[in-house]
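Engineer: Got a structure for you, questions after.
Protein chains in written order, with my numbering: chain H, 32 to 525; chain X, 1097 to 1619.
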């Protein structure tokens, strides 16, 4: 009776979660969609707590309350520019929780087996159910009750599932911690690997397989612990070997992993809601990774296997010079312009210049100029990062456009301001087949009448590729910190 | 160094080579500025304005030439002026060394350095000091204004209460800097503009300015890149074809602006007497090539004439000087940029670097030697024209066939994917027990739903999507909640840690998503 109620609640929760993801198709419906997600989560947790097998509910409530307090602090204190770090560190929590739950399942399995042996009964349950065995199994509660009813094949499947859950969870955990470190600048963002490179990863994966076989053969829990350690190493080493520019892919990939880990744990616990949600999150992350890879014209494998610039030919030499311009020149051009497009990148986030950008937009729009934003799919360090920053600075979302929506409008644009982005506006991707980013779709800003590039200095971008845009005749370099430059520009727009 | 600008002596020359603004910039380079009294008067710059900008004003030309280490002026020096040059002094002006060899000898004899603004090579880096282009730009603009002045109708077509006015038709011959400026001015006034050039690669520029490129069917197209961006003489056959086209167009055109010049040669005759005769009464021809003999047979340099057929032909050669304020501003900026390159350290000391392509090219006399003509520059003016492959126009049948093929390809892909997926699920079903399959079906369907739903998520909401998926992936808390009541202490501890971490994630994830979404606002 009680059990049936829990399942029904799970069905409702699953529907709410699907609606919550589907609602993200538009800015307005998204605001409602979050509430669906919250309601779904509340129903699921409540139903589990009053459902079968639950004890110590007071402890659960205390823990949830503590978690809520920490979560609230995190969510309200975080700067919008730190969003990638936050998302990464939260993935690590899911990964670690999956590892713990997986281990618990293994321990419970061992306890049940021990109890059966002590009672002189066979475990796993033989095909022909004995009356004594069935009676003994009835005495268990909660998860142990489910385990006690399993046959030999089912127990092996359970082991595979919990192994998968632990392995993926562990990779997600260390991977996310490293990704967090890289995004927060606490770990060197360059692609770095131990000697041996991917051979080490492959070796660790192979060793994991061997350990998995041993574990299935009944070698005991030490194999599982060793397997976890190997997975932790793989997560660490894999993400260390990926450069900062590929972070959008990494974060969405880890997002996907945390989902698959939850799904695997759901299988081992025979919990359908875990499976449903895990699959939803897993496929969502997979699609995001795919979109990001497509936006960089790179295959998923090549992103995972290493950073930029590893296998590029000699870059074509660029002729000409970078011509600098001062704030008066930019102001004059903006005052004369009718249509302006702003291309923000990670540099804007670093300089915290989104407020100044918004102020500039307001001033220009008040003068009747058409101002729009062009967002490349991989701008920033997280899918959709720029949109969130601009939204925070109160830039209306209907003037913030995607690459495909705006690329054809550049020839009719008077002024393009590139703020802190580099590779996503690099014409070499189209013109120079030897370039490491050849074929990557880019914003065709150079087709505009005039381009101003706000940039800290003459250096190359994250990927270390020279950008011919900076040498074009219609390009002027507006050197300096993005925020300081824009602040000095603002009073001159009249 | 002291930079001085004398008053222009040539009759009717209103320009001046230094403005109060450019003087300010020159002083920033560490130079002192001096100017002859009244030099800027005709261009609208008073002596007082110069004094305010920190420029010393001297009374006479003689005193100025004596005081200045570098003399910057517009027109080539007259003989009197050239005789005032002394050893070590530098002169920056238009010089036309090809036509003024005696003058060049004179300057060499005096030991002075001469930098000819008309010899600045045409490379990207030197555009900021390309005075020919900046003057040509003004000439192009002014040509349209002069034409309008002598043309009895509107440029733009209008439908008024008093009747309909057809738009003027303008033909621009030669799409160099002047031609393009003329095209831009004429289109912005509302005229229908046609433009012709022997270099097919400029058709893009012409069309970008809003004019129609007059296309000539001809086999051997010229590659303008070979000649440093200038036009080269064309073959007689080509010329014949070209004139034929013009003859065809002449009766239609209201205004013709010719700007065709070939470096080092008299202007080609492109608009014959016959064509002038074919034009309507009241039409106007502006010949920007008048100084080199004119593109039109009937052009009289420096004069405006009206033919018997009522066609006005403007042959002025001083268009830039007619807009002295504008042209002085641009020319003085060109000179200032030249000085910037000459004083790389910004310390007021000139470093005449003869290794530099631009400085070498513009210097025609230096250290008592004639350094003209310069060796070819190391950098090509414009990239060689790339052979263009036009995508073939597809017939409707081909398009249809392509669509069908694409559809078939898509179907095949989808069917393959489905078949592979189904086979995989069936294979699992063969070995796995029924209890597992129940969950497995749920899993497969969920993945499917996930793929369907996530593709519709707006790109701009990818960050909130990640935050919300993050929050709901903490559903793992259910697993921990089920286990927390276990009788084993170890399990309880691990499960409690799981509950704690997952609930941090739930609250943090949902709250931050809400915070983000609340920020998205419509304008």
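Every residue gets a Cβ at the ideal spot worked out from N, C-alpha and C, and that includes glycine. For clarity, every value in this text was computed on a predicted model and none was experimentally measured.
How many Å lie between residue 1485 of chain X and residue 320 of chain H at the Cα?
Structural biologist: Within the second chain, residue 1485 of chain X is the residue found at index 389, counting from 1. Within the first chain, residue 320 of chain H is the residue found at index 289, counting from 1. Residue confidence is low: residue 1485 of chain X scores 49 on pLDDT, short of 50, so the model does not pin down where it sits. No coordinate-derived value is stated.
Engineer: For residue 1482 of chain X and residue 398 of chain H, I'd like the C-alpha separation in whole angstroms.
Structural biologist: Along the second chain, read from residue 1 onward, the residue named residue 1482 of chain X stands at position 386. Along the first chain, read from residue 1 onward, the residue named residue 398 of chain H stands at position 367. With a pLDDT of 47 at residue 1482 of chain X, under the threshold of 50, the modelled position of that residue is not reliable, and no figure is offered here.
Engineer: Just reading off the beta strand (DSSP E) that residue 401 of chain H is part of, what are its end residues?
Structural biologist: On the first chain, residue 401 of chain H is found 370 positions in, with the first residue counted as 1. First-last of the beta strand (DSSP E) with residue 401 of chain H: 401-406.
Engineer: Check each residue of the region 1528-1553 of chain X: if its Cβ is closer than 7 Å to any Cβ of chain H, include it; give the result in chain order.
Structural biologist: Going along the region 1528-1553 of chain X in chain order, one finds 1528, 1529, 1531, 1532, 1535, 1538, 1539, 1542, 1543, 1545, 1546, 1547, 1549, 1550, 1551, 1552, 1553 with a Cβ nearer than 7 Å to chain H.
Engineer: Could you check how far apart the C-beta atoms of residue 1160 of chain X and residue 1112 of chain X are, in whole angstroms? I think they sit under 8 Å.
Structural biologist: On the second chain, position 64 is the one that residue 1160 of chain X refers to. On the second chain, position 16 is the one that residue 1112 of chain X refers to. In fact, because the Cβ distance is near 13 Å, the residues do not count as touching under 8 Å.
Engineer: How many angstroms separate the CA atom of residue 1547 of chain X from the CA atom of residue 1553 of chain X?
Structural biologist: To locate residue 1547 of chain X, count along the second chain from 1; it is residue 451. To locate residue 1553 of chain X, count along the second chain from 1; it is residue 457. For residue 1547 of chain X and residue 1553 of chain X, the distance between alpha carbons rounds to 11 Å.
Engineer: Quick check on the DSSP output: the alpha helix (DSSP H) that includes residue 214 of chain H runs from which residue to which?
Structural biologist: Counting from 1 along the first chain, the entry for residue 214 of chain H is found at position 183. Residue 214 of chain H -> alpha helix (DSSP H) spans 183-214.
Engineer: Pairing CB atoms from the region 119-135 of chain H with CB atoms from the region 192-212 of chain H, are three or more of them under 8 Å?
Structural biologist: Yes: the two stretches touch, three or more of their Cβ pairs being nearer than 8 Å.
Engineer: Quick one: what does DSSP say residue 1571 of chain X is sitting in, helix, strand or coil?
Structural biologist: Residue 1571 of chain X sits at position 475 when you count from the first residue of the second chain. Helix, per DSSP.
Engineer: Indicate the three-state DSSP secondary structure (helix, strand or coil) for residue 468 of chain H in the structure shown.
Structural biologist: Along the first chain, one-based indexing puts residue 468 of chain H at 437. Residue 468 of chain H: coil per DSSP, three-state reduction.
Engineer: Establish whether the CB of residue 1610 of chain X and some CB of chain H are separated by less than 8 Å.
Structural biologist: Against the second chain, residue 1610 of chain X aligns to sequence position 514. Cβ-Cβ to chain H under 8 Å: yes for residue 1610 of chain X.
Engineer: By the DSSP assignment, the beta strand (DSSP E) with residue 483 of chain H in it spans what residues?
Structural biologist: As a working note, residue 483 of chain H is residue 452 in the first chain. 481-486 is the extent of the beta strand (DSSP E) around residue 483 of chain H.
Engineer: Are the C-beta atoms of residue 303 of chain H and some chain X residue less than 8 Å apart?
Structural biologist: If you number the first chain from 1, residue 303 of chain H lands on position 272. By this cut-off, residue 303 of chain H is an interface position.
Engineer: Just to make sure I have the definition right: I need the residues of chain C whose C-beta is within less than 8 Å of the C-beta of residue 1472 of chain X. Which are they?
Structural biologist: Absent from the structure is chain C; the protein chains it does hold are H and X.
Engineer: Going along the region 413-426 of chain H in order, which residues come within less than 8 Å of chain X, judged by CB to CB distance?
Structural biologist: Cβ contacts with chain X come from 413, 414, 415, 416, 418, 419, 422, 423, 425.
Engineer: Between residue 1398 of chain X and residue 1413 of chain X, is the Cβ-Cβ spacing less than 8 Å?
Structural biologist: By one-based count along the second chain, residue 1398 of chain X stands at place 302. By one-based count along the second chain, residue 1413 of chain X stands at place 317. Result yes, Cβ atoms of residue 1398 of chain X and residue 1413 of chain X sit closer than 8 Å.
Engineer: What three-state label does DSSP hand residue 1462 of chain X in the structure shown?
Structural biologist: The residue labelled residue 1462 of chain X in the question sits at position 366 within the second chain. Residue 1462 of chain X: strand per DSSP, three-state reduction.
Engineer: Can you give me, in chain order, the residues of the region 1284-1298 of chain X that have a beta carbon less than 7 Å from any beta carbon in chain H?
Structural biologist: Within the region 1284-1298 of chain X, no residue qualifies.
Engineer: When burial is assigned at 16 or more other CB atoms within 10 Å of the CB, is residue 359 of chain H buried or exposed?
Structural biologist: On the first chain, position 328 is the one that residue 359 of chain H refers to. By the neighbour-count rule (16 or more Cβ atoms within 10 Å), residue 359 of chain H is not buried but exposed.
Engineer: For residue 324 of chain H, report the span of its alpha helix (DSSP H) as first-last.
Structural biologist: As a position in the first chain, residue 324 of chain H is number 293, starting the count at 1. It spans 303-326 - the alpha helix (DSSP H) in which residue 324 of chain H sits, taken as one unbroken run.
Engineer: Would you check if the distance between the CB atom of residue 1569 of chain X and the CB atom of residue 75 of chain H is smaller than 8 Å?
Structural biologist: Translated into positions along the second chain, residue 1569 of chain X becomes position 473. Translated into positions along the first chain, residue 75 of chain H becomes position 44. Contact: no.
Engineer: Here's the rule I'm using: 16 or more other beta-carbon atoms within 10 Å means buried, otherwise exposed. How should residue 277 of chain H be labelled?
Structural biologist: As a working note, residue 277 of chain H is residue 246 in the first chain. Counting Cβ neighbours within 10 Å, residue 277 of chain H comes out buried, since at least 16 surround it.
Engineer: Does the beta-carbon distance from residue 1190 of chain X to residue 1214 of chain X come in below 8 Å?
Structural biologist: Within the second chain, the letter at position 94 stands for residue 1190 of chain X. Within the second chain, the letter at position 118 stands for residue 1214 of chain X. Yes, these two residues count as a Cβ contact at 8 Å.
Engineer: At least one CB of chain H closer than 8 Å to the CB of residue 1561 of chain X: is that the case?
Structural biologist: In the second chain, residue 1561 of chain X corresponds to position 465, counting from 1. Judged by the 8 Å Cβ criterion, residue 1561 of chain X is in contact with chain H.
Engineer: Could you tell me which residues DSSP puts in a beta bridge with residue 370 of chain H?
Structural biologist: Residue mapping note: residue 370 of chain H aligns to position 339 of the first chain, counting from 1. Answer is H:401.
Engineer: For residue 1400 of chain X, which residues does DSSP report across the bridge?
Structural biologist: Along the second chain, read from residue 1 onward, the residue named residue 1400 of chain X stands at position 304. Looking at the DSSP assignment, residue 1400 of chain X forms a beta bridge with X:1410.
Engineer: Is residue 481 of chain H close to chain X? Criterion is C-beta to C-beta, closer than 8 Å.
Structural biologist: What you label residue 481 of chain H is simply residue 450 of the first chain in a count that begins at 1. Not an interface residue.
Engineer: Please state if the CB of residue 420 of chain H and the CB of residue 526 of chain H are separated by a distance shorter than 8 Å.
Structural biologist: As displayed, chain H neither begins before 32 nor continues past 525, which places residue 526 of chain H out of reach and without an answer.
Engineer: Can you find a C-beta in chain X that's less than 8 Å from the C-beta of residue 500 of chain H?
Structural biologist: On the first chain, position 469 is the one that residue 500 of chain H refers to. Taking Cβ atoms only, chain X never reaches closer than 8 Å to residue 500 of chain H, which makes this a no.
Engineer: If we define contact as Cβ-Cβ less than 8 Å, is residue 341 of chain H a contact residue for chain X?
Structural biologist: Start at 1 with the first residue of the first chain, and residue 341 of chain H comes out as number 310. Model confidence at residue 341 of chain H stands at a pLDDT of 42, short of 50, so the residue's coordinates are unreliable and nothing is read from them.
Engineer: Scan the region 123-156 of chain H for residues whose Cβ lies nearer than 8 Å to a Cβ of chain X and list them as they occur along the chain.
Structural biologist: Hits within the stretch, in order: 124, 125, 127, 128, 129, 131, 132, 134, 135, 136, 138, 139, 142.
Engineer: Would you report the Cα separation of residue 251 of chain H and residue 189 of chain H, rounded to the nearest angstrom?
Structural biologist: What you label residue 251 of chain H is simply residue 220 of the first chain in a count that begins at 1. What you label residue 189 of chain H is simply residue 158 of the first chain in a count that begins at 1. Their Cα atoms are separated by approximately 15 Å.
Engineer: Of all the CB atoms in chain H, is at least one closer than 8 Å to the CB of residue 1483 of chain X?
Structural biologist: Walking along the second chain from the start, residue 1483 of chain X turns up at place 387. Because residue 1483 of chain X carries a pLDDT of 46, less than 50, the predicted location of this residue cannot be relied on, and the following value inherits that uncertainty. No, because no Cβ of chain H sits closer than 8 Å to the Cβ of residue 1483 of chain X.
Engineer: In the region 1491-1509 of chain X, which residues sit with their C-beta less than 8 Å from some C-beta in chain H, listed in chain order?
Structural biologist: Hits within the stretch: zero.
Engineer: For the alpha helix (DSSP H) that residue 1370 of chain X lies in, which residues bound it at each end?
Structural biologist: For the purposes of this step, residue 1370 of chain X is taken as residue 274 along the second chain, with counting starting at 1. Where residue 1370 of chain X is concerned, the enclosing alpha helix (DSSP H) stretches over 1369-1374.
Engineer: Could you pull out every residue in the same chain whose Cβ sits closer than 8 Å to the Cβ of residue 1182 of chain X, ignoring the five residues on either side in sequence?
Structural biologist: Residue mapping note: residue 1182 of chain X aligns to position 86 of the second chain, counting from 1. 1206, 1207, 1208.
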